[in-house]
Amino acid sequence: MSDLFSKFDPLIETREQLLSTGITDPFNLVMEEVISPTVAICNGKKTILLGTYNYMGMTFDPDVIAAGKEALDKFGSGTTGSRVLNGTYVGHRAVEQALKDFYAMDHAMVFSTGYQANLGIISTIAGKDDYIVLDIDSHASIYDGCALGNANIVPFRHNDIDALEKRLKRLPEGAGCLVVLEGVYSMLGDLAPLKEMVAVAKAHGAMVLVDEAHSMGFIGENGRGVAEAQGVIDDVDFIIGTFSKSVGTVGGFCVSNHPKFEILRLVCRPYVFTASLPPSVVATAATSIRKLMHGKAKRDHLWENSQKLHAGLKALGFTLGTDEPQSAIIAVIMPDLEKGAAMWEALLHEGLYVNLARPPATPANMTLLRCSLCAEHSTGQVDEILGMFEAAGRKTGVIG
Ligand SMILES: Cc1ncc(COP(=O)(O)O)c(C=O)c1O
C-alpha cells in the first residue's frame, strides 16, 4: 500500500529547506502575552501587531470583556450541544437580533465559525444539479462549501465582470445558480466591483452571496460592508460574515431577507451537527456588534491609518498589491519566498508582526507580507511601522 503521507513530501521538503537557512518558522509564532489589540510580547519582545484581523480593535473593549465575564458566570463555559437541541441560549438569540439590527435584515443565523457559515450556507443552497459561479480567488471556505454540496463549480477571472457574464450566459436554461463574491479579497486587500457584478448576476436570474468577512464594521456608511458602500445591499440574497475579525471574537453568520430563510436551520448540516458557540462568546459578539453600529470615529481613523501606511510604503519603494488603499489590508509583494521569509523575520526582529502569505493561499504564486491595520493603531505607531519596514527592507535588500 502507498504511504498516505507521501503527497505531503514536496511541502515537507520546501519547509525543511527554508528552516535549514536558520530562519524562524513564520507559521509557528507564539504570542506570549497580549497587551492590547495592537501590542503583544513575542519571543520575549514587545511587538506591534500588524497581522491580525482585529480591524476595529474590539478585543479589549471594556464593555465586550464585561459582557463575556458576566455570561461565563451566569451560563457556564459551554453549551455542550447543537443549536437545534440544547445549544440555543438567550445569548444566541440576542446575537442574532444584534446582527438583524446591524444589517437591517429579517434573518440572521449564527454558526460556530465563518468557515462553517460558508460551508453550511453554500452547500445547503446549491446542490448536485446547481451551478456556483465564483471568483477564482475565493476563500477556501467558499470552495469547500461548493465541494460539500457537490454543485457544479464555474470559476471566473478575479474581479472580471465580462468573464462573470460570459459564464452566466453559458449555463443551461433553467439551471439553479448561485453567484459567490467577496467584498474585500483578503490576500491583496482589493474590493470587488459588486455594483456591476450583482447587476449582472440578477439580470441572469442568479442568487447572490457576498462574503463580507474583511469589510464588516469598517466599509460602508454603517459598516455593513462593500455591498452597502456600493449601494447594492438590497439586491444581495445572502451576506456571510465572521466574528473573528472586526467583531473580535469567534463565530460566523449569514444574514438574509429571503422569506424561506429559517428552514435552513433544519437542513444545514454544519449548523445542525456541531456544538453552538459558548455563551461568553455570543455575549461578547452581541456587545461588540452593537458598539460597531456607532463606530464612525473608529472607521474614520482606520481609513487614515490605511492611507498613511499605503503612501509611506509606496514612498519607501515597496511594491504593493493595490495602487490605492482600498481596505484595511495592505499587501506588500515580495520577490520570492526566501526574500519574503527573510523580510518577515527582519520585521519581527525590529518588533513588528505581519502575516507571511504564500502559494497556494495567494493569487498568481505571489509571496506577500500582508499588513492589516487596526482602528486602535495610533498615528505614532504607523510612523514606527514605516521605520521598521525601511530598516528591514534595506537589511534584506528588498528595497535599495
Ligand atoms: C473571506 C473569508 N471568509 C471566511 C473566513 C472564515 O472565517 P472564520 O475565521 O470565522 O472561520 C475567512 C477567514 O479568514 C475569510 O477570509
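Everything in the sequence shown is counted per the working numbering, starting at 1 for the first residue and increasing by one.
All C-beta atoms, glycine included, are put in the ideal place defined by N, C-alpha and C.
Decide if residue i is buried, meaning its Cβ has at least 16 other Cβ atoms within 10 Å, or exposed.
i	result
ASP25	exposed
PRO37	buried
HIS294	exposed
ALA331	buried
LEU4	exposed
GLU212	buried
VAL30	exposed
GLN230	buried
GLU350	buried
ILE289	buried
SER2	exposed
ASP237	buried
GLU96	buried
ALA140	exposed
ASN86	exposed
ALA104	exposed
ILE136	exposed
THR367	buried
LEU11	exposed
SER77	exposed
Straight-line CA distance for residue i to residue j?
i	j	result
SER20	LEU266	51 Å
ILE263	VAL34	41 Å
VAL84	GLY189	37 Å
PRO360	VAL247	27 Å
VAL198	VAL232	7 Å
GLU173	LYS202	15 Å
TYR89	PRO279	7 Å
ASN150	LEU313	43 Å
LYS69	GLY251	18 Å
GLN307	ALA342	26 Å
VAL398	PHE389	10 Å
GLY317	PRO335	13 Å
GLY120	ILE239	13 Å
GLN381	ASP234	38 Å
VAL110	SER244	13 Å
LEU302	SER215	12 Å
LEU337	PHE60	34 Å
ASN159	ALA67	40 Å
LEU134	ASP73	44 Å
THR319	ILE333	5 Å
PRO193	CYS42	38 Å
LEU99	SER256	10 Å
Taking the continuous alpha helix (DSSP H) assigned at residue i, which residues delimit it?
i	result
ALA40	Run containing ALA40: none in the alpha helix (DSSP H); it sits in the beta strand (DSSP E), 39-42.
CYS146	140-149
ASN222	Looking at the DSSP string, ASN222 is not in any alpha helix (DSSP H), and its letter there is neither H nor E.
SER378	Where SER378 is concerned, there is no enclosing alpha helix (DSSP H), given that its DSSP letter is neither H nor E.
ILE125	114-125
LYS195	194-203
ALA275	Run containing ALA275: none; DSSP gives neither H nor E here.
GLU32	No alpha helix (DSSP H) holds GLU32; the beta strand (DSSP E) holding it covers 31-36.
MET187	Taken as a continuous stretch (DSSP letters only), MET187 belongs to no alpha helix (DSSP H), as it is neither H nor E.
VAL133	Segment 131-135 is the beta strand (DSSP E) holding VAL133; no alpha helix (DSSP H) there.
ASN305	296-316
ALA361	Run containing ALA361: none; DSSP gives neither H nor E here.
THR14	9-20
Of the choices the options, whose alpha-carbon is the least far from that of residue i?
i	options	result
PHE27	MET197, ASN355, LYS260	ASN355
THR80	THR284, ILE289, LEU277, GLY317	LEU277
ILE132	HIS139, ILE122, SER141, ILE48	ILE122
ILE65	SER82, ARG15, VAL281, HIS349	VAL281
ALA328	ALA346, GLU304, ILE385	GLU304
ALA406	LEU368, GLY241, THR322	Because the chain spans 1 through 400 in this model, residue 406 falls outside it and cannot be assessed.
THR249	PRO10, THR284, VAL236	THR284
ALA391	SER378, MET366, TRP344, THR379	TRP344
GLY205	ALA227, CYS177, TYR185	CYS177
SER82	PHE273, PHE218, HIS310	PHE273
ARG299	MET58, ALA98, GLY44	MET58
PHE253	ALA286, THR14, GLU228, PRO259	ALA286
GLU324	GLY340, ASP63, GLU384, LEU191	LEU191
PHE102	LEU292, VAL154, ILE142	LEU292
LYS395	LEU168, GLY340, ALA147	GLY340
GLY217	LYS296, ALA364, GLY44, PHE8	LYS296
For the beta strand (DSSP E) containing residue i, list its first residue and its last residue.
i	result
THR59	Premise fails: THR59 is in no beta strand (DSSP E) and is neither H nor E.
VAL180	177-182
ASN355	355-357
LEU209	207-211
ARG370	367-372
LEU49	45-49
ILE333	329-334
THR88	No beta strand (DSSP E) holds THR88; DSSP gives it neither H nor E.
Please find out if some non-hydrogen atom of ligand 3 comes closer than 6 Å to the beta-carbon of residue i.
i	result
TYR271	Only ligand 1 can be found as ligands here, which leaves ligand 3 out of the picture.
Cβ contact check for the stretch 54-63 and the stretch 362-375: 3 or more pairs under 8 Å: yes
Any 3 or more C-beta pairs closer than 8 Å across the stretch 155-167 and the stretch 208-222: Cβ pair count under 8 Å is below three, so no.
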